[in-house]
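K.L.:
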Amino acid sequence: MSKFIDTNTLSKLGTLTQSEADAAPFGIVKVDQNGKILLYNKYESELANVPIQTAVGKNFFTEVAICTNNRIFYGRFKEGMVTGDLDIAFNYVFTYKMKPTNVVIHLYHDKSSDSNWIFVKLR
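In full-length UniProt numbering, the protein residues as written are 1 to 123.
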């Protein structure tokens with residue numbers, strides 16, 4: 001599984017601004033260790049048809065992208081939170097409030113800024 005996030009983007013996660021995130025050609029969602037959305041970019045907002053201001057502050061897995069609240073997606077995230085090691089990419093199909101949409105997901109924990117990220121790209 002190819003990880004589509006370049007090292008330049010990964011190196012800037014600790015200081016990533018909303019406008020930098022909005023310029024990215026893929027979905028960027030920053031979440032806390034429980035899944036609460038701290039940053040939600042324009043690509044992801046348009047893909048999921050969820051306004052940015054509606055998403056921020058809500059739980060990604062249980063309130064915004066409910067189709068991810070399962071062992072395959074949320075389970076991998078929770079496991080990464082327990083082990084402190086989260087850097088995994090996998091194919092997924094979003095089905096909540098949308099026609100089935102094939103995506104590549106990359107779950108990532110940035111150790112330098114102690115932040116958690118969900119990257120989404122159409123495939």
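Glycine included, each C-beta is placed from N, C-alpha and C at the ideal position. Values in this document were obtained by computation on a predicted structure and should not be read as measured data.
1. Can you tell me whether G35 is buried or exposed? The criterion is at least 16 other CB atoms within 10 Å of its CB, across all chains shown.
2. Are the beta-carbon atoms of F119 and I28 separated by less than 8 Å?
3. Can you tell me whether DSSP reads S113 as helix, strand or coil?
4. Terminal residues of the continuous alpha helix (DSSP H) containing D22?
5. Can A89 and H106 be called in contact, C-beta distance under 8 Å?
6. Are Y40 and I52 close, meaning C-beta to C-beta below 8 Å?
7. Rounded to whole angstroms, what's the CA-CA distance from I37 to K99? Just pull it up for me.
8. Quick one, which of V82, A48 and V31 has its alpha-carbon nearest K58's?
9. To which residues of the same chain is F26 closer than 7 Å at the C-beta, ignoring the five residues directly before and after it?
10. Secondary structure at G27, three-state DSSP: helix, strand or coil?
11. Evaluate V82 with the Cβ neighbour count: other Cβ atoms within 10 Å of its Cβ, from every protein chain shown; 16 or more gives buried, anything less gives exposed.
12. How would you call A23, buried or exposed, if buried means at least 16 neighbouring beta carbons within 10 angstroms?
13. Could you pull the start and end residues of the beta strand (DSSP E) that F61 belongs to?
P.N.:
So, from the data block:
1. What you label residue 35 is simply residue 35 of the sequence shown in a count that begins at 1. The residue is buried, with at least 16 neighbouring Cβ atoms inside 10 Å.
2. As a first step, residue 119 is located in the sequence shown; it is residue number 119 there, counting from the start. As a first step, residue 28 is located in the sequence shown; it is residue number 28 there, counting from the start. Yes, the pair counts as a contact, with Cβ atoms nearer than the cut-off.
3. In the sequence shown, the residue the question calls residue 113 occupies position 113. Note: S113 maps to coil in three-state DSSP.
4. To locate residue 22, count along the sequence shown from 1; it is residue 22. Unbroken alpha helix (DSSP H) run through D22: Q18 to D22.
5. Start at 1 with the first residue of the sequence shown, and residue 89 comes out as number 89. Start at 1 with the first residue of the sequence shown, and residue 106 comes out as number 106. Contact: yes.
6. Residue mapping note: residue 40 aligns to position 40 of the sequence shown, counting from 1. Residue mapping note: residue 52 aligns to position 52 of the sequence shown, counting from 1. Yes, the Cβ-Cβ distance between Y40 and I52 is below 8 Å.
7. In the sequence shown, residue 37 corresponds to position 37, counting from 1. In the sequence shown, residue 99 corresponds to position 99, counting from 1. Those two C-alpha atoms are separated by around 23 Å.
8. Here residue 58 is taken as the residue at index 58 of the sequence shown, counted from 1. Here the closest residue by C-alpha is V31.
9. By one-based count along the sequence shown, residue 26 stands at place 26. Cβ within range, chain order: F4, Y43, F119, V120 and K121.
10. For the purposes of this step, residue 27 is taken as the residue at position 27 of the sequence shown. It is a strand residue.
11. What you label residue 82 is simply residue 82 of the sequence shown in a count that begins at 1. With fewer than 16 other Cβ atoms within 10 Å, it is exposed.
12. Position 23 of the sequence shown holds residue 23. Looking at its Cβ environment, which holds fewer than 16 other Cβ atoms inside 10 Å, A23 is exposed.
13. Residue mapping note: residue 61 aligns to position 61 of the sequence shown, counting from 1. Here F61 belongs to no beta strand (DSSP E), and DSSP marks it neither H nor E.
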